[in-house]
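Throughout, my numbering is defined as the position within the sequence shown, counted from one, plus 4. Okay, so here's the structure we're looking at.
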Amino acid sequence: MESSGPAESRSVSVFVAPPSQRPVLSALVDLSAAGLLAPFAWIESDGEPDKAADRYDPVAVRADHGQVTVSTFSRIVNRHDLETVRLLVVVPVGHPAQDALPASAEQFYQLLGVPQHARRESLRVMVPYSAQPLAAELGRIGWRKIMLSPESTSDPAYSAIPWWTRPETIPGAAAVGLAVQAGLCGAVNAAPHDGQREDVSYDINVVRSFVRIVDAHSVEDQLRRQVTEVGESFPQPTRADTGVRVPAYADPEARVAAVAQAWQERHIHSLRRPQVPMPERAGARRMGALEALKLFFSFLVKALIGAPGEWLRSRVRAAKASIASAVASAVFGEGSAVRVVVGGVDSNGRTVGWNELTDAARRASDTLPADFPRSGQPVQRDFGALWQDLVSGTIALLDGSAHSALGIQAYEGYLPRRDAIAAPPGPRSRIELTEPLGDLPAGTVLHSWDQLEVDRVRTYLQQLSQSQHSQAPEAARRLAEIDRWRADNSRRLLPRLGAVLSSCFTSTRNDVAALSHELQSLLGQEPGGELEQRQRRLARILRLFLLVLAIVLVVLVVSKAMGRIGWLYFALLAVVTIIGWLAVSISTFVSQQREVFRILFRIEERDQRIPLLTANLRLAVEDLAAQGAAYSQFRRWATIVSAFLDDPLGARDTGPNRTSQKVALPDAIQRVEAEASPEHLADAAASLRTSVFTVGWLTQAWETMRAGIGADLDPEQRNRLATRQLVLTAESGEAGSALSNWAQGLQTKGVRSGQAGLIWQKCLAILSGDQGPDPRLTVVTPSGERRQVSAYCHDLTTGGSRSVVLDILGPVARSGPQSLTVPDQSWLSQWNDGLSPTMVLVETTNPIAPADFIYPDHDQSPSGPLAGMDYFNVGRDQTAPPAGAGSSSNGAPGDTPTGPESLSGPLEY
């Protein structure tokens, strides 16, 4: 029987032994402490357990990895997942103490209750301690019966030498045989007798036991790391259909640049919506005569009453009547969020970063007046497509798969180095200020993809380095260091995408500033003091012209009254005088008011632009707030992708396999350590990587990692995830969000997907096949011989008839085939812990009658309260000889065991 993996232990093994077997218990505990045995229980009993104080629930000791604790039988067996209870009675034969348990004591323990769903396996294991013919009751119906061949032999092919030639080895050798019969040898938790039908014979099998454990954990750790640990160089993917390797890109930098450009072109319109087109500006414009005449007379009226400045202000206010007062307060008022966006400083004069600008843009969007036109697109937008393309595009570049949205075709190539995406964690990917530098606190961290934060710190350091501050030289040094570091990272994918978002954010902020400045210029067109003085001077000139006109008209009236001129001549002179006055006055007015006319024309033109300017301002403010939210998401996704690429398979979360302790062991159980040369391991690792890293391997690793996201979420977020209400690509990047928690978990704890373990299981399957690579493992046996592991394990698979120790057999059995093991009845169980096999071999003889042993039968009449009762021959003649007492070992047809078949097994309750 061979198994490739351990089954969960659903069995318990309980030994029942007399006090003389304490050395065997000590040996079992030592083997347990060495990590060679599964947990077991041991009950020490005398000949009358039914009279003991613990008769209802016998006291037992339980050993687990060398730790011994006191328990009871019921606590050990009462388990819901229990399937098998193995009860093994240790029967010392040829022992000076002669304290083997009587039949009544064995029956007492056999009748102890076990869970109804559990199966009981009862076995008597006889341990011969000497070749002295001391009396012993060997055969007993209702039990499976075996006798350990009294030897401690390391190889089945070696001759069996009685262990009493070296008495000190008996407890250890006996412990190995008992452990094999109890199914305790490591993860080989099966026993040779499991599932066999009840024995109704008195005959006994003599068994030889061999255990071999190859500890290849150290070699396996080395090989597993070489296969599953992905460092700066990523494995070359192989096409699963043809086995052809995908070539590396000839120009990785150009391919990364093309993908970044495709990402920008695909998503830039979702980040910055197109503005409302503005009308073209009008060219030079002339003032019409009628319009000039109206303005002239209105100015003349104000001039006559002495208020020419008021006339100018009223004209400007009339032209600007379409600008609502709410615009001025919302955009340029005290505490306006738009002023924070434009100026980049808060109310305290402190320079703010991109996140504060995002908050200000969000507040500005909420506080802009309702008469500001809105865009048809919602303010809150879903940028999930950006992050899907970021992740899928990155994976496609590294594992040779396809992502057509970014122009990546399957099998066209792959990036052999992960730093084409982002630098590995460390000084190449981040810079940390360990000491305060001006207003920058200690612990300020810059990531290579966080371009907005890098720009903010650079701008501040540049100002500080050009100041007279005492830290100016240090600021200049750090600025040069950041510039070199930034240039080194600018060719990688994540910094490129960060630069796209940073450029879009900065451009939108500049648009907000330009629009607000244009509106502010409109509100700022108030007449200055010089212009008002010019108005007063023009008023004096026009009043002088009017005075001259009045004097001329008075002279004409006087002349007509004195009769010096006639009516016709009077009228003609008056008309000429008025027209001359009007022409001179208007020409003077127009020539002096050209600046006023330009202001009025500009205001009138902007009257048409105001609704469009306000619409574009709201559009820009809303986009800036959305871009800030998108950038916050990008920082989380960049952290997630970088942490994933640092250990995509979670191989670093897989600790080294357990290591064995160096201990002296009985010959029958061998534990050797496997070795392999570095060249053979490297060749095997290269072959395995070709087999397991096929196109799309990184996609599978991502999906496996994403499936374990719940470990980093809070309970509420896990509930949303379980009910499919959590969409990661739509999660915000703010602290406490599901996306933020996931990114923080990956950054601090690393990838814990266990994908490396799944890939290694595939590797183990390949290594176990005929076509897999051979790492050429070797071992050094306890005798100092170096052998191949395959040959070392083959020793236990080579069958043959071999002799047990003959000293325990009578003359007839010694000379016949009964002393030889039967190959067809051998029991072999193997379990492979990776590359470390554990093999258990039990070679057994045909059943041998008790009379064929050297140990004579003693008086079988029981004494005590159970005297006279035979639990397996009720109603029969108690004087009848035991079945098989005079039979041959091969069970002749006429030798029928006593006792009815219906009572051939133990009585259970």
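Glycine residues also receive a C-beta, built at the ideal position from the N, C-alpha and C atoms. Quick caveat: nothing in here was measured; it's all calculated off a predicted structure.
Sequence-distant residues of the same chain with beta carbon closer than 6 Å to residue i, five excluded per side
{"i": "residue 18", "result": "45, 91"}
{"i": "residue 751", "result": "643, 647"}
{"i": "residue 20", "result": "47, 49, 93, 113"}
{"i": "residue 366", "result": "629"}
{"i": "residue 894", "result": "In this prediction, residue 894 scores a pLDDT of 39, lower than 50, which makes its location untrustworthy; the coordinate-derived value is nonetheless stated afterwards. Correct list: empty, nothing qualifies."}
{"i": "residue 757", "result": "654, 708, 709, 712"}
{"i": "residue 385", "result": "630"}
8 Å contact criterion, which residue i and residue j should meet: CB distance rounded
{"i": "residue 469", "j": "residue 480", "result": "4 Å"}
{"i": "residue 218", "j": "residue 676", "result": "6 Å"}
{"i": "residue 186", "j": "residue 195", "result": "6 Å"}
{"i": "residue 450", "j": "residue 457", "result": "6 Å"}
{"i": "residue 81", "j": "residue 119", "result": "7 Å"}
{"i": "residue 422", "j": "residue 431", "result": "Wrong, their Cβ atoms sit about 16 Å apart, outside the cutoff."}
{"i": "residue 361", "j": "residue 632", "result": "7 Å"}
{"i": "residue 915", "j": "residue 251", "result": "No statement about residue 915 is possible, as the shown extent of the chain runs from 5 to 913 and does not include it."}
Under 8 Å between C-beta atoms of residue i and residue j
{"i": "residue 96", "j": "residue 65", "result": "no"}
{"i": "residue 425", "j": "residue 497", "result": "yes"}
{"i": "residue 51", "j": "residue 109", "result": "yes"}
{"i": "residue 819", "j": "residue 848", "result": "no"}
{"i": "residue 685", "j": "residue 142", "result": "no"}
{"i": "residue 402", "j": "residue 419", "result": "yes"}
{"i": "residue 180", "j": "residue 213", "result": "yes"}
{"i": "residue 593", "j": "residue 542", "result": "yes"}
{"i": "residue 164", "j": "residue 826", "result": "no"}
{"i": "residue 466", "j": "residue 506", "result": "no"}
{"i": "residue 144", "j": "residue 128", "result": "yes"}
Straight-line gap, residue i to residue j (C-alpha atoms, nearest Å)
{"i": "residue 264", "j": "residue 392", "result": "14 Å"}
{"i": "residue 564", "j": "residue 554", "result": "15 Å"}
{"i": "residue 622", "j": "residue 282", "result": "15 Å"}
{"i": "residue 149", "j": "residue 27", "result": "22 Å"}
{"i": "residue 513", "j": "residue 748", "result": "30 Å"}
{"i": "residue 330", "j": "residue 297", "result": "Unreliable positioning characterises residue 330 in this predicted model, as indicated by a pLDDT of 49, which lies under 50. The coordinate reading is nonetheless provided below. When rounded, the distance between both Cα atoms is 35 Å."}
{"i": "residue 697", "j": "residue 240", "result": "7 Å"}
{"i": "residue 892", "j": "residue 34", "result": "For residue 892, the predicted structure reports a pLDDT of 37, less than 50, and the residue's modelled location is therefore unreliable. The matter cannot be settled from this model."}
{"i": "residue 388", "j": "residue 600", "result": "54 Å"}
{"i": "residue 206", "j": "residue 771", "result": "47 Å"}
{"i": "residue 540", "j": "residue 302", "result": "14 Å"}
{"i": "residue 682", "j": "residue 785", "result": "21 Å"}
{"i": "residue 370", "j": "residue 363", "result": "11 Å"}
{"i": "residue 215", "j": "residue 41", "result": "11 Å"}
{"i": "residue 813", "j": "residue 67", "result": "34 Å"}
{"i": "residue 354", "j": "residue 717", "result": "35 Å"}
{"i": "residue 852", "j": "residue 210", "result": "8 Å"}
{"i": "residue 731", "j": "residue 701", "result": "24 Å"}
{"i": "residue 578", "j": "residue 537", "result": "33 Å"}
Candidates the options: closest to residue i by CA position
{"i": "residue 795", "options": "744, 780, 850", "result": "780"}
{"i": "residue 511", "options": "628, 412, 260", "result": "628"}
{"i": "residue 474", "options": "448, 490, 441", "result": "441"}
{"i": "residue 76", "options": "835, 31, 61, 725", "result": "61"}
{"i": "residue 719", "options": "742, 710, 702, 261", "result": "742"}
{"i": "residue 837", "options": "581, 225, 804, 78", "result": "225"}
{"i": "residue 588", "options": "300, 277, 478", "result": "300"}
{"i": "residue 273", "options": "31, 509, 736", "result": "509"}
{"i": "residue 197", "options": "190, 548, 184, 437", "result": "184"}
{"i": "residue 253", "options": "656, 404, 688, 448", "result": "404"}
{"i": "residue 792", "options": "104, 679, 828, 768", "result": "679"}
Same chain only: Cβ atoms within 7 Å of residue i, ignoring 5 sequence neighbours per side
{"i": "residue 879", "result": "Its pLDDT being 38, under 50, residue 879 is placed unreliably by the model, and nothing is read from it."}
{"i": "residue 816", "result": "856"}
{"i": "residue 691", "result": "777"}
{"i": "residue 37", "result": "69, 70"}
{"i": "residue 801", "result": "832"}
{"i": "residue 714", "result": "722, 725"}
{"i": "residue 43", "result": "66, 67, 68"}
{"i": "residue 74", "result": "63, 65"}
Heavy atom of the ligand MG within 7 Å of residue i beta-carbon
{"i": "residue 710", "result": "This structure lacks the ligand MG, and indeed carries no ligand of any kind."}
Same chain, Cβ closer than 8 Å to residue i, five either side skipped, listed in chain order
{"i": "residue 516", "result": "342, 345, 346, 365, 621, 624, 625, 628"}
{"i": "residue 503", "result": "455, 494"}
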